[in-house]
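In terms of our numbering, the sequence shown has 1054 at position 254, counting the first letter as 1, and numbering is strictly consecutive. Where a beta carbon is used, it is the ideal one built from N, C-alpha and C, also for glycine. The structure appears below as structure tokens.
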Amino acid sequence: MPVSGQSFLQPMRELAQDAGALLMSLFGKVAIEYKGDADLVTQADRASEKMIVERIRKQWPDHDLLGEEGSRTQTGSDFRWYIDPLDGTTNFAHGYPVFCVSLALEHQGKRIAGVIYDPTRQEMFSASLGSGAQLNGKPIHVSRTLRLVESLLATGFPSHKRHKNPNIHFYHQITLRSHGIRRAGSAALDLCYVACGRYDAFWEFNLNPWDTAAGVLMVEEAGGKVTNFSGAPFSIESRQVLATNTLLHTELLHEFKEIFEGRVEGLPSVSEYLAG
Ligand code: IPD
Ligand code: CA
Ligand code: CA
801 MPVSGQSFLQ
811 PMRELAQDAG
821 ALLMSLFGKV
831 AIEYKGDADL
841 VTQADRASEK
851 MIVERIRKQW
861 PDHDLLGEEG
871 SRTQTGSDFR
881 WYIDPLDGTT
891 NFAHGYPVFC
901 VSLALEHQGK
911 RIAGVIYDPT
921 RQEMFSASLG
931 SGAQLNGKPI
941 HVSRTLRLVE
951 SLLATGFPSH
961 KRHKNPNIHF
971 YHQITLRSHG
981 IRRAGSAALD
991 LCYVACGRYD
1001 AFWEFNLNPW
1011 DTAAGVLMVE
1021 EAGGKVTNFS
1031 GAPFSIESRQ
1041 VLATNTLLHT
1051 ELLHEFKEIF
1061 EGRVEGLPSV
1071 SEYLAG
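Below, the structure written as structure tokens:
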């Protein structure tokens, strides 16, 4: 039986808001710790996940969950939560105020509800399957930009295995063909900004389910399109995410194909540049 995500949205918003308040209470006060070379974590990531997980386990004790900071419950439940307790950890750890809490709920493999809360701007994004997306309770829609040359986009670079990431080539080529690309440091917020039309598109290599589960639903419910870089439908295991206002999707897929096949504009070398 299909289950409506709508009835979960209010408790999810309350949970994200409380986790956001917890993050704000720790903002500027926590030390940086390392998961890898440049892969940061803080006490705030762990405290936020602990609070969220305790509340979910209390309210929905039979639901499964997957949290970035290690929380796992796998009982074969029809319901599964995806939890990013702090998306934008590097920003948070450096005092740069761009971060959020991201929560999504899946039922029988379909994401039915998602909330993303930015506590620095008090912006609550929410969406449920088939019922649209909202920002602070008001419906949102993707942009109507028709051409890449008139678009503003966003991307991100992972901190884990960053030396193996080819995204700088895509950043370079798409920069030359658009109004520009932002790299604000929170994939969940990047997806929300596509959903509400602030960006026309977003892409990233190597994202995890907790980064994308709520944001992809937000984009789709706001009229956008999300696929991998070959145009295949997004799945929660897809590590590649291309999210657009739908109108730009074909053009961007074409550009990605060109870049993957090496048909790119070269950069001047540093010595060529210095020689004028
Ligand atoms: C990261 C952010 C960042 C993206 C990285 C993610 P975290 O998540 O979303 O924008 O570029 O790939 O890992 O580690 O801050 O939760
Ligand atoms: Ca994340
Ligand atoms: Ca995180």
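| Item | Value |
| --- | --- |
| Would DSSP call A910 helix, strand or coil? | The sequence given here has Lys at residue 910, not Ala. Strand. |
| Tell me which residues share the same chain as G930 and place their Cβ nearer than 7 Å to its Cβ, disregarding the 5 neighbours each side in the sequence. | none |
| Do R786 and V915 have their CB atoms nearer than 9 Å? | The chain is shown from 801 up to 1076; residue 786 falls before or after that span and cannot be answered. |
| Could you give the first and the last residue of the continuous beta strand (DSSP E) run that contains W860? | Segment: none, W860 is in no beta strand (DSSP E) and carries neither H nor E. |
| Beta carbon of T955: closer than 8 Å to some heavy atom of ligand 2? | no |
| Which runs of the alpha helix (DSSP H) fall wholly inside the region 918-1003 and span at least 4 residues, in chain order? | 967-976 and 987-995 |
| I need the DSSP call for G867, collapsed to helix, strand or coil. | strand |
| Mark A893 as exposed unless 16 or more other C-beta atoms lie within 10 angstroms of its C-beta, in which case mark it buried. | buried |
| Under 8 Å from any heavy atom of ligand 1, does the C-beta of N1028 make it? | no |
| Is the beta carbon of A954 less than 9 Å from the beta carbon of D990? | yes |
| When every heavy atom of ligand 3 is checked, does at least one fall within less than 8 Å of the C-beta of S1010? | Note that residue 1010 corresponds to Trp in the displayed sequence, not to Ser. Flag set: Cβ of W1010 near ligand 3. |
| Could you tell me if the beta carbon of D884 falls within a distance shorter than 8 Å of some heavy atom in ligand 2? | yes |
| For V1019, which option in C900, G956, G1031 and V1041 has the closest C-alpha, if you only look at C-alpha atoms? | V1041 |
| Taking the alpha carbon of P958 as the point to measure from, which residue in T873, I1036, S986 and H969 has its own alpha carbon closest? | S986 |
| For the alpha helix (DSSP H) containing L826, name the first residue and the last one. | Q806 to L826 |
| Rounded to a whole number of angstroms, what is the C-alpha to C-alpha distance between D878 and E1072? | 59 Å |
| Spell out the partners DSSP gives W1010 in its beta bridges. | Beta-bridge pairing links W1010 to no other residue. |
| Just to confirm, is the Cβ distance from D887 to D1000 under 9 Å? | no |
| So, with DSSP's three-state summary, where would you put L1052? | helix |
| Just curious, the beta strand (DSSP E) that G896 is in, first and last residue? | Note that residue 896 corresponds to Tyr in the displayed sequence, not to Gly. Careful: Y896 lies outside any beta strand (DSSP E) and carries neither H nor E. |
| Using the C-alpha atoms, what's the distance from T890 back to R857? | 28 Å |
| If you follow the alpha helix (DSSP H) that H1042 is in, where does it begin and where does it stop? | First, the amino acid is wrong: residue 1042 is Leu here, not His. No alpha helix (DSSP H) contains L1042, which is instead part of the beta strand (DSSP E) from V1041 to T1044. |
| Measure the alpha-carbon distance for I1059 versus S978 and round it to whole angstroms. | 15 Å |
| DSSP state of L1067, grouped into three classes? | coil |
| Count the other CB atoms, across all protein chains shown, that sit within 10 Å of the CB of L823; report buried if there are 16 or more and exposed otherwise. | buried |
| May I have the straight-line CA-CA distance separating T898 from T920, to the nearest angstrom? | For clarity, residue 898 is Val in the given sequence; the question names Thr instead. Approximately 7 Å between the Cα atoms of the pair. |
| Measure the Cβ-Cβ separation of T867 and D884 and say whether it is below 9 Å. | Going by the sequence as given, residue 867 is Gly instead of Thr. Yes; because the gap between Cβ atoms is below 9 Å, this pair is in contact. |
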